[in-house]
Structures are given as structure tokens and as C-alpha cells.
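Structure, as C-alpha cells:
In the numbering used here, the protein residues as written are 828 to 1213.
Below you can see the structure in the form of C-alpha cells.
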């Protein structure tokens, strides 16, 4: 595309204000890898950015637009704009949602499951899931129009096929994919796109980019409470009474939490950085022993979750949550910018969070994996922040 030529084919409205200059800016600057855009709500950022990138996506085989928004409920917004463009020029896209929103089999389970529990449920039940089995034999027609979350879900309900894996099958032909931040920031979820989309051919659009650093910290931080430990001890007593070493370990951890709670309350502190070495001393273990017991506790929790699933109960276990927290925390604790932070809560409880403050450092490397990145918002800070 010649820099002096403005391609307006994919902008479905009449230009107003300085929108034409905005479109030219995107089409020229995206070749320099990263673009930072700040414009007020109502300006038309979404259709303008789509119109700026779609000529390149249509021209270059394998190129795609990944549109990242803060929450799953917002993923339909760029797809709705894509529908307007599609009235004039055919373009395929979809709003990608997680298993919690898409699983049709989860209605078998009593009680509501969170995202991690639905993912576990799916792993355990996929082999005998009738919706997944029907999808394997389903003839996938070529996607010719943009699809919102509700349209994908309704189509799959009518055909009794798995919505989650159906939408993943559509990714190959989709030119625009709208996702929430988890799919670009969460290390456990990035593989969903990485396995199906070449990032070096994809343009990433980060909507509401002023939320990025806080979102990264929230997504990659983990949390347990004193009640998590209390519940884990109860689960152990009821189901695994012969695991004396694990019980002693949990009792010592509970004692550490209670002492930390008293210290924060007595000193009238808002929070307190917890030193892992102090916890090791209280538990009477070194780091390797601590990790081994954490794995054992998580394994017992998974055993308990498996029993719950067989009884059609929500697969929720404090043993699993506690073990999983410490295994993840141990993988990060020796990195600068990662800390254990304790907060006193209501009802005689205290929380401990594995808090990851490395967002600026880690995000800068992430952006270079894409062909180009557009950061957009109405309230962005200085460009160097991205």
C-alpha cells in the first residue's frame, strides 16, 4: 500500500471531524510496529482501526486482527462493527469466549463453577461428552460472516455441538478475533491463540489500554486465605486421615497465618509483605520439602475433585487450591518484582496474595511477538508506558 494513498473501502460511514486523518495515520504508522491512539468515546475508534488494518489482512495470507478487550462481555463490540463492514465487503470474524460461557454439559453439575473448575470439568469429561463427540462428526461450513458470542452459542445449541471447540475451529478462517485480556496476558491461556494463529502475522489491538498494567497484575496474581487452610484441613480429616505429615504441615501453615494476622492487626497495618523464609521455618521444611508437600496436597485435592464430579458436584477443593497456589508461587518467588502480600479481612480471616509487579518489563517483550500492535483508549498515558 502506497503511504500517500488512503484505502477507505472498509470504513462503512461518512467521515466526520478529522477521521480521515485518523485512518491515514493508522494505515501509515502500523508498518512501524506499534501505534498509540487516544481519542474520546464516540469518536469512532473501533471502525476506523478495523478499516485501517483490514486492507493489509485481506492482502496478506495468514494475516489476522486480534482485538483484545478488558472483559468477555465486551468482545461483541468490534464484531458488531465488523457486521456493518460486512454489508459492503465480506469479512469473517468472531467473538471468542471461555469454557465457562460455552460449556453445554456443565448443567449436569449442581452449583455454579468458576472458570478453572469448568476447565477441569472439560478435561475430565471431554472423552464422553456428547456435544464434543457430535462436533467431531460435524461438517464445518466456511465462515462467511462475523459472529457474536450469542450467535455462536445459539447455533451450537440448535445443532447440539460443543460451542467452545466449534469456535476454535472457526479461527483458521476468521480475519478478526475478539478476545478478553486473558488470552494475551495469562500464560496458561495464551496457547489457545498461539496454537492456531501465527502471532508474527497478526495485528493486536488492545482496547482500553490504560487498564493493561493493572490487568496484567490481577490476571497473573494468585490468592489464598486462612479459611482456605482451615477448609483444606477439614477436607484432609474427612477424606485422607492417614496423611499425618500433610496435616502437620497445614497446621503449621495455619499457625503462621494466625500470627501474621495478629501482627498486622496489632500494628494497625493495611498490608504486610510476608517473607517466605519465615513460613519455611514455621512449617519446619526447606524449599524442596515444601514444594513436595504442596504437590501432594494438590494431588489429594484433584482426587477429591474427581470424586465430586462422579457425584455430579462442583469440583471444588481447598486442598487443590492451596497446593496449586504454592506451586505457582514457588515458580515466581525468586523473581524480582514478585512478592507475597498479606491483608487482614473481615470475619477473622487473612489473605495472602502472590503479587506480580513485573507488568512493564514482561509486556514490552510480549508486544514484539506481533506484526504490529495498536494501543487505544480515551485516557492513555505517555506512549513510553506501552
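Using N, Cα and C, we set each Cβ at its ideal position, and we do this for glycine too. Every value quoted in this text rests on a predicted model; they were computed, and no experiment measured them.
{"Asked": "I need the DSSP call for residue 1051, collapsed to helix, strand or coil.", "Found": "strand"}
{"Asked": "In terms of residues, what are the limits of the alpha helix (DSSP H) holding residue 1148?", "Found": "1145-1159"}
{"Asked": "Mapping the DSSP letters down to three states, classify residue 996 as helix, strand or coil.", "Found": "helix"}
{"Asked": "Tell me the rounded alpha-carbon separation between residue 1011 and residue 1069.", "Found": "43 Å"}
{"Asked": "Comparing C-alpha positions only, which one of 857, 908 and 864 sits nearest to residue 837?", "Found": "908"}
{"Asked": "According to DSSP, residue 826 sits in a beta bridge with which residue or residues?", "Found": "The requested residue 826 does not occur in the structure, where the chain is confined to residues 828 to 1213."}
{"Asked": "List, from N- to C-terminal side, the alpha helix (DSSP H) runs of 4 residues or more that fit wholly inside the segment 913-986.", "Found": "926-929, 942-952, 957-963 and 976-986"}
{"Asked": "What does the alpha-carbon distance come out to for the pair residue 999 and residue 1098?", "Found": "47 Å"}
{"Asked": "Taking 9 Å as the threshold (beta carbon to beta carbon), is residue 1156 in contact with chain B?", "Found": "In the structure shown, chain B does not exist; there is a single protein chain."}
{"Asked": "CB-CB under 6 Å to residue 895, same chain, minus the five flanking residues each way: which ones, in chain order?", "Found": "1006, 1008, 1011 and 1033"}
{"Asked": "How big is the Cα-Cα spacing for residue 1030 and residue 1167?", "Found": "35 Å"}
{"Asked": "Is it true that the CB of residue 987 sits closer than 9 Å to the CB of residue 957?", "Found": "yes"}
{"Asked": "Under 9 Å, do residue 1043 and residue 1179 count as touching if we go by C-beta distance?", "Found": "no"}
{"Asked": "Kindly identify the DSSP beta-bridge partner or partners of residue 872.", "Found": "Its beta-bridge partners do not exist; DSSP assigns none."}
{"Asked": "When burial is assigned at 16 or more other CB atoms within 10 Å of the CB, is residue 963 buried or exposed?", "Found": "exposed"}
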